[in-house]
Amino acid sequence: MNNRLLKADYIDIYAFQQDLLTWFNEEQRDLPWRKDKDPYKIWVSEIMLQQTRVDTVIPYFHRFIEQFPTIAALSEAEEEKVLKAWEGLGYYSRARNLQTAVREVYEKYGGVVPNHPKEIATLKGVGPYTAGAILSIAYGLPEPAVDGNVMRVLSRILLITDDIAKASSRKVFEAAVRELISHDNPSDFNQALMELGALICTPRSPSCLLCPVRDHCHAFNEGKQNELPVKVKKIKKREVQLAAALLTDSEGRLLIRKRPDKGLLANLWEFPNIELNLQYVSEKEQLKEAINTKYDTNISITDMIGQIEHIFTHLTWNINVYQGKLDRVIEDKDLKLVSLEEIKIYPFPVSHQKMLKQYIEAAGI
DNA sequence: CAAACGTGGCA
DNA sequence: TTGCCAAGTTT
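Each residue of the first sequence is one higher than the one before, counting from 1 in UniProt numbering.
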């Protein structure tokens with residue numbers, strides 16, 4: 001990038017702010033986290049909205065705030081309850097990091113979300129975007145909050161051609177926001193930039209004819225809006241074969257286990273499963289052998305009741321789902337036998353929710 | 001810096 | 001059907 005005002009000299013900053021803020025004032029969506037400026041609620045909404053659509057977040061936000069209305073409430077909650085409230089939203093480390101950070105605010109900052117960039121940035125799960133979002137939206141500070149929307153919008157308005165997939169590009173857009181941001185209303189300015197990206201300046205087929213700031217848009221004036229932003233993506237996906245077992249005891253209770261506290265789907269619960277490697281050994285035998293060894297039990301595998309393909313961003317699970325019986329296991333905090341009623345309180349990933357559904361259908365319960 | 005980390009919607 | 005996309009952060 002060049003140094004000369006990042007091409008912001010191409011536009012009249014004051015007029016740009018006015019046009020953008022006027023549009024936002026008239027056209028912004030009525031969203032539940034816009035009802036007040038409670039830093040805690042803004043914070044929760046920002047974490048939920050990471051890589052997640054507004055329509056998906058809305059019902060989760062309502063339930064979460066109802067269940068954990070304050071920093072004190074979330075601080076004192078059991079992690080399992082928090083994960084259950086997050087069930088289905090994905091990126092579950094967000095929920096655990098949020099609670100960790102909220103507890104830190106509760107204990108070290110007297111329950112008041114810090115309003116200084118250096119302090120707020122130290123909180124777990126609060127990166128550069130979220131820090132800027134809370135500081136600007138809740139506290140009215142003129143800090144950049146650069147997300148995917150902002151990079152797309154500004155790449156077009158300022159004709160910035162840096163690859164937005166590169167981490168290093170974010171600072172280019174932060175510098176641009178620092179030049180453009182309204183110091184009278186940083187909260188609405190940042191939200192307006194994102195709202196414009198969500199409603200008008202969309203990734204494909206932007207609605208330039210409806211855009212309140214098209215007269216300020218360098219890309220539109222050169223007919224290049226469809227060439228921006230520059231985004232070079234390279235995704236290699238793995239594929240993993242799994243076999244899972246829905247094992248019931250004599251009372252019809254199901255065996256579930258808690259996943260490790262790190263990595264994929266950390267601390268969520270699941271049905272016992274193994275990664276299949278040796279194609280020349282029967283899956284049933286592999287599954288039975290692995291579970292008997294791991295849990296020191298004696299199970300039998302009966303039928304395969306279904307198959308599940310579950311696609312993550314970075315890998316795909318192909319799961320063969322089996323049904324079986326077990327005599328007894330030694331339960332502990334990470335291994336439990338639960339009834340179909342008790343199982344409802346445990347947070348499960350979507351893939352395993354699907355398995356339970358298949359089990360219930362197969363069993364005709 | 002690249003990769004890990006979820007899920008559902010849509011063209 | 002396949003790939004991209006959605007208010008990112010951590011390691």
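Using N, Cα and C, we set each Cβ at its ideal position, and we do this for glycine too.
Predicted model, so just to flag it, every value in this text is computed and none were measured.
6 Å CB neighbourhood of residue i in its chain, flanking five on each side removed
i	result
N3	Any reading at N3 needs caution, since the residue's pLDDT is 35, under 50, leaving its predicted position unreliable; the model's value is listed next. Once the five neighbours on either side are set aside, N3 has no close Cβ partner at all.
L49	V57
R103	S75
L193	V150, V153
Y346	W269
M1	With a pLDDT of 34 at M1, under the threshold of 50, the predicted position of this residue should be treated as unreliable, though the coordinate-derived value follows. If we look at M1 and ignore the five residues flanking it on each side, its Cβ neighbours are V172.
Presumed contact (8 Å Cβ cut-off) between residue i and residue j, rounded CB distance
i	j	result
E195	Q18	In fact, because the Cβ distance is near 16 Å, the residues do not count as touching under 8 Å.
I301	Y322	5 Å
F101	V126	Checking the sequence, you will find Ala at residue 101 rather than Phe. Right, the Cβ-Cβ distance comes to about 6 Å (below 8 Å), so this counts as a contact.
P260	M151	The Cβ separation is near 34 Å, so there is no contact.
P144	R94	Not really, about 21 Å apart at Cβ, beyond 8 Å.
F24	L180	At roughly 14 Å, the Cβ-Cβ gap does not stay under 8 Å, so F24 and L180 are not in contact.
L89	T130	Actually they do not touch by this definition, with Cβ atoms about 16 Å apart.
V329	T297	5 Å
Spatial distance of residue i from residue j (CA atoms)
i	j	result
P69	N190	25 Å
E78	L265	17 Å
G110	D38	15 Å
I164	I305	44 Å
L356	L246	8 Å
D327	R257	17 Å
P142	S182	7 Å
H314	I235	7 Å
E361	W269	21 Å
P272	I291	7 Å
K108	Y139	19 Å
I137	T122	19 Å
A73	P186	30 Å
N221	T22	22 Å
A363	D303	11 Å
Q358	T316	19 Å
D12	I134	27 Å
L158	V213	12 Å
R170	S250	57 Å
A175	D30	30 Å
C217	P349	43 Å
residue 388	N318	With the chain represented from 1 up to 365, any question about residue 388 goes unanswered, as that position is not in the structure.
I47	L20	25 Å
V112	I120	11 Å
H310	E239	10 Å
G197	I160	15 Å
S168	I65	35 Å
Q67	D184	35 Å
P59	I299	40 Å
Y14	G223	24 Å
Q99	N115	18 Å
Q307	K118	49 Å
D188	Q353	40 Å
Own chain, CB closer than 7 Å to residue i, minus 5 neighbours either side, in chain order
i	result
R253	L337, V338, S339
L287	A243, A245, I274, I301, Y322
W33	K41, I42, S45, F61
K231	D163, I164, A165
E283	A243, L276, N320
I200	P206, S207, L210, C211
F97	According to the sequence shown, residue 97 is Asn rather than Phe. Closer than 7 Å at Cβ, skipping near neighbours: K124, G125.
E80	P347
K233	A165
Y106	I71, A72, S75
D147	Y129, M194
Span of the beta strand (DSSP E) around residue i
i	result
S300	299 to 311
L315	315 to 326
A266	First-last for A266: undefined, no H or E at that position.
R257	254 to 258
E342	Element bounds for E342: n/a, residue is neither H nor E.
I274	273 to 275
N241	Note that residue 241 is Gln in the sequence shown, not Asn. From DSSP, the beta strand (DSSP E) with Q241 extends over 238 to 248.
Continuous alpha helix (DSSP H) stretch holding residue i: start and end
i	result
V350	350 to 363
A290	283 to 295
Q17	13 to 27
A219	218 to 221
- Item | Contained alpha helix (DSSP H) runs [length at least 4] in the UniProt domain "HhH-GPD" (48 to 199), N- to C-terminal order | Secondary structure in the UniProt domain "HhH-GPD" (48 to 199): the alpha helix (DSSP H) runs of 4 residues or longer, each lying completely within the stretch, are 54 to 67, 71 to 76, 79 to 86, 93 to 108, 117 to 120, 128 to 133, 148 to 157, 170 to 180, 186 to 199 in chain order.
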